[in-house]
Amino acid sequence: MAEEVKVFGAWGSPFSRRVELALQLKGVQYEYIEEDVHKNKSPLLLKYNPVHKKVPVLLHNGKPIAESLVILEYIEETWKGNPILPEDPYDRAMARFWAKFIDEKCLPAIWKAGWSPESEREKPVEEACECLKTLESALGGKRFFGGDKVGMVDIAANFIGYWLRLIQEVTGMELLSAEKFPELFKWTDEFVSCSVVKGSLPPRDKLLAFFKARIAETMD
Amino acid sequence: MGEENKVILHGVWASPFSKRVELALKLKGIPFEYVEEDLQNKSPQLLRCNPVHKKIPVLVHNGKPIAESLVILEYIDETWKNSPRLLPKDPYKRAKVRFWTSFVQQQLFDTMFTVTKTEGEAQRKAVKEVSEKLQVLEEGIKELFPNGNPCIDSQNIGLLDIVILSLLGPHKVQEEVLGIKIIDPEKTPLIFAWLTAINQLTVVKEATPPHDKLVALLKFLRENSLKSSA
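As they're listed, the protein sequences go chains A and B.
Using full-length UniProt numbering, the final residue of the first sequence is 220, and nothing's skipped along the way.
Using full-length UniProt numbering, the final residue of the second sequence is 230, and nothing's skipped along the way.
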């Protein structure tokens, strides 16, 4: 039976793009299905992710998997080429620790800071900076979190690698800068210039326009 | 104990997260040194081993620290490959276990804390949310127990069993202290049967503090919460 791999995603979602990046890094062919997550989720999406009703969902030979980090682990275990996790159990534990830290601490802090009105921004920005400082320590002078190559932590940090700088452009918020976090800033450049990653990112102008529209909405 | 395989667990007897790791080590028969931490006065070793979160549990294996209970459990399973395997072999089944573990951790834990720490309208709202989420879980685990009868023993117990135990294993304690039914065998018969099965394992019984001690702890935590929010 030919292998059937489908990704239900949303063009602007970093979580959805994580899954695509992992598949592309491993050279796995897949069919992409764009979901209208704001207004009109498809019956198939609701069928394959009845619990959360969200993207991304990976469908492999008819079997659905939801939650981007769960999907990344599945991809790693199913397609063994170009591993995104180290072999050593301790190094794997460290990678999982940082991926979790990104999802549970960094992203909520950055999101809060980014969308807070300017007058209420100080404390959220401070907290988000603490997170970035801690995350930067995980790089430890390496080119990527995964070492010489992009790994699971780099994939999990895709929001910081690409989306964040665009949000900063649109909101005027300064969180990640070369002065404050030189190593992390350098990593964002390495990340987006990596050829496979480049192909997995949403178009800059489209994303900028989306954020600008969102800000305009929240100001009404 | 030889230096080649020295395992230390920094934990707190009252913490469900700490309990998970303790249970996993005991289930796999891994000898370890246990260090009970005082959360008001954390040891320098703990702060050194978990500088990011400064929390328990932390597992230190041959001098190398690992934090975050779910990360620790996967590490234990990958390092000590004897039975019980905490995660199944098949990648799809592993994904299901990780998915539901994430669900319990992220959807149920915080809401249960709210139930135990609030009263009045806030508590009613949280209880309703827990009930709804338990219904989702009840539906979801049918796939894991296709014959409708959770048979958990010390050889097949796994990550999800340990995680659900850590939250809802003491449901009778929670029900006694709160005066609320948390796990109704009529509404969620599968979850009820599942928890009963896990609670009956000898290793689990031995690792669970006495009922009265847990009741006293929960009462204390609840009173403290209610006082500080008054």
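Backbone N, C-alpha and C fix where the C-beta goes; we use that ideal spot for every residue, glycine too.
Values in this document were obtained by computation on a predicted structure and should not be read as measured data.
Check                                                                                                                                                                           : Outcome
Please look up how many angstroms separate the CB atoms of residue 74/A and residue 58/A, rounded, as I've assumed it's under 8 Å.                                              : 7 Å
For the alpha helix (DSSP H) containing residue 88/B, list its first residue and its last residue.                                                                              : Neither: residue 88/B is in no alpha helix (DSSP H) and is coded neither H nor E.
Taking the beta carbon of residue 65/B as the centre, do at least 16 other beta carbons fall within 10 Å, making it buried, or is it exposed?                                   : buried
So, at 7 Å on beta carbons, what are the nonlocal neighbours of residue 114/A in its own chain, with the 5 sequence-adjacent residues on each side left out?                    : 167, 171, 173
Which partner residues of residue 7/A appear in the DSSP bridge assignment?                                                                                                     : 32/A, 58/A
Measuring straight from C-alpha to C-alpha, what distance separates residue 126/B and residue 147/A?                                                                            : 44 Å
Under 8 Å by Cβ, that's how I've got residue 84/B and residue 15/B pegged, so tell me the actual separation to the nearest angstrom.                                            : In fact, because the Cβ distance is near 22 Å, the residues do not count as touching under 8 Å.
Tell me which same chain residues have a C-beta within less than 8 Å of the C-beta of residue 207/A, skipping the five on either side of it?                                    : 12, 163, 166
Between the UniProt domain "GST C-terminal" (90-220) of chain B and chain A, which residues of the former have a C-beta closer than 7 Å to a C-beta of the latter?              : 91, 92, 94, 95, 98, 99, 102, 103, 136, 140
Does the distance between the C-beta of residue 31/A and the nearest non-hydrogen atom of the ligand GDP fall short of 7 Å?                                                     : The ligand GDP is not part of this structure, which contains no ligands at all.
Is it the case that the Cβ atoms of residue 142/B and residue 76/B are separated by a distance below 8 Å?                                                                       : no
Could one say the Cβ of residue 74/A lies closer than 8 Å to chain B's Cβ atoms, at least one of them?                                                                          : yes
In or out: residue 193/A buried (at least 16 other Cβ within 10 Å) or exposed?                                                                                                  : exposed
Listing by chain order, which chain B residues have their CB less than 8 Å from the CB of residue 89/A?                                                                         : 75, 78, 79
Taking the alpha carbon of residue 195/A as the reference point, which residue from 212/A, 176/A, 181/A, 149/A has its own alpha carbon closest?                                : 149/A
From the beta carbon of residue 71/B, is the nearest beta carbon of chain A less than 8 Å away?                                                                                 : yes
Can you tell me where the beta strand (DSSP E) with residue 74/A in it begins and where it stops?                                                                               : Counting along the chain, residue 74/A falls outside any beta strand (DSSP E), though it belongs to the alpha helix (DSSP H) covering 68-78.
Any beta carbon of chain B sitting closer than 8 Å to that of residue 109/A?                                                                                                    : no
Cβ of residue 39/B within 8 Å of Cβ of residue 22/B?                                                                                                                            : no
Across the stretch 70-90 of chain A and the stretch 126-141 of chain A, are there enough close Cβ pairs to call them in contact, namely three or more that are closer than 8 Å? : no
Using only the alpha-carbon positions, how far apart do residue 175/B and residue 104/B sit?                                                                                    : 19 Å
Just verifying my parser: in three-state terms, what is the DSSP assignment at residue 216/B?                                                                                   : helix
Using a C-beta to C-beta distance shorter than 9 Å, which residues of chain B count as neighbours of residue 97/A?                                                              : 52, 66, 67, 68, 71
Evaluate the contact criterion for the stretch 47-57 of chain B versus the stretch 94-103 of chain B: three or more CB pairs, one atom per stretch, below 8 Å.                  : no
With DSSP as the reference, please indicate the residues paired to residue 67/B in a beta bridge.                                                                               : 58/B
Provide the residue(s) that pair with residue 9/B in DSSP beta bridges, ordered along the chain.                                                                                : 34/B, 59/B
Looking at residue 125/A and residue 176/A, is the spacing between their C-beta atoms short of 8 Å?                                                                             : no
Since residue 78/B and residue 100/A should fall inside the 8 Å C-beta cutoff, what is the C-beta to C-beta distance between them, to a whole number of angstroms?              : At roughly 16 Å, the Cβ-Cβ gap does not stay under 8 Å, so residue 78/B and residue 100/A are not in contact.
Using CA coordinates, which residue listed in 199/B, 195/B, 97/B, 123/B is at the minimum distance from residue 225/B?                                                          : 123/B
Could you tell me whether the Cβ of residue 17/B comes closer than 8 Å to any Cβ of chain A?                                                                                    : no
Taking a contact to mean a Cβ-Cβ separation below 8 Å, would you say residue 191/B touches residue 161/B in this structure?                                                     : no
Measure the alpha-carbon distance for residue 164/B versus residue 64/A and round it to whole angstroms.                                                                        : 23 Å
Along the stretch 134-154 of chain A, where does the CB come closer than 7 Å to a CB of chain B? Name the residues.                                                             : 134
Per the DSSP calculation, residue 64/A is bridged to which residue(s)?                                                                                                          : 59/A
Helix, strand or coil for residue 141/A, going by three-state DSSP, please let me know.                                                                                         : coil
For residue 109/A, is the classification buried or exposed, using 16 other Cβ atoms within 10 angstroms of its Cβ as the cut-off for buried?                                    : buried
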